[in-house]
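Numbering (the numbering used here), first residue to last: 237 to 409. All C-beta atoms in this analysis are idealised placements derived from N, C-alpha and C, irrespective of residue type, glycine included. Here the structure is a predicted model, which means the values were calculated and not measured.
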């Protein structure tokens with residue numbers, strides 16, 4: 237899923253609230269991503285990052301949600317930038333991808349390796365998705381690695397990624 241929208245709703249709680257909100261979003265073709273709901277007293281808080289179909293602009297999504305019977309509603313529907321797909325990056329020699337269960341320090345630990353090999357990060361994109369019982373984090377680096385150091389740099393990255401239980405792959409540009 238390429239999330240392009242964040243929806244937040246704060247309103248009076250009532251029976252059937254989640255069903256009404258998610259049903260209406262389904263009706264307009266929304267693909268829900270990470271979603272949360274909580275009650276604070278009598279106030280319901282619903283939040284999701286989702287993908288709206290091209291034929292449903294944000295203004296239409298907001299109008300549909302405002303058409304629901306929501307007491308004291310504060311509704312925000314806003315565009316968010318999706319993590320960019322990297323197929324090339326000017327100045328980069330390698331595209332590197334690491335993915336696995338989210339854990340603290342992933343970017344820091346992997347990016348430190350580039351220093352040792354005098355490799356420069358040209359672009360970085362990170363995204364997280366919820367899959368089954370785990371949050372999967374994917375890092376994509378476009379890196380300029382000196383040719384004479386590339387093999388050792390990639391081997392160190394592969395070993396480190398393996399020790400962190402990450403899937404590692406790369407493409408040479």
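Cβ pair residue i, residue j closer than 9 Å
i, j, result
"residue 334", "residue 402", "yes"
"residue 359", "residue 317", "no"
"residue 365", "residue 269", "yes"
"residue 310", "residue 246", "yes"
"residue 336", "residue 372", "yes"
"residue 272", "residue 284", "yes"
"residue 315", "residue 241", "yes"
Inter-residue Cα distance where the pair is residue i and residue j
i, j, result
"residue 262", "residue 325", "36 Å"
"residue 377", "residue 278", "45 Å"
"residue 274", "residue 282", "7 Å"
"residue 406", "residue 352", "18 Å"
"residue 349", "residue 370", "26 Å"
"residue 394", "residue 367", "23 Å"
"residue 379", "residue 392", "14 Å"
"residue 397", "residue 375", "11 Å"
"residue 303", "residue 390", "54 Å"
"residue 286", "residue 361", "18 Å"
"residue 313", "residue 332", "34 Å"
"residue 386", "residue 267", "40 Å"
"residue 496", "residue 363", "Shown here, the chain extends from 237 to 409; a query on residue 496 therefore has no answer."
For residue i, the nearest candidate out of the options (CA to CA)
i, options, result
"residue 280", "254, 351, 373, 301", "254"
"residue 306", "248, 323, 284", "248"
"residue 355", "388, 241, 252, 362", "388"
"residue 260", "243, 276, 301, 315", "301"
"residue 400", "345, 390, 383", "345"
"residue 404", "267, 242, 330, 383", "330"
"residue 288", "243, 256, 323, 308", "243"
Host beta strand (DSSP E) of residue i (start-end)
i, result
"residue 354", "It is not in any beta strand (DSSP E) - residue 354 carries neither H nor E in the DSSP assignment."
"residue 244", "241-248"
"residue 374", "370-380"
"residue 269", "267-276"
"residue 287", "279-287"
"residue 336", "330-337"
Start and end residues, alpha helix (DSSP H) containing residue i
i, result
"residue 255", "253-263"
"residue 298", "294-302"
Discussion item. With three or more beta-carbon pairs closer than 8 Å as the criterion, would you say the region 335-346 touches the region 288-296?
Written reply: Contact between the region 335-346 and the region 288-296 is absent, with fewer than three C-beta pairs closer than 8 Å.
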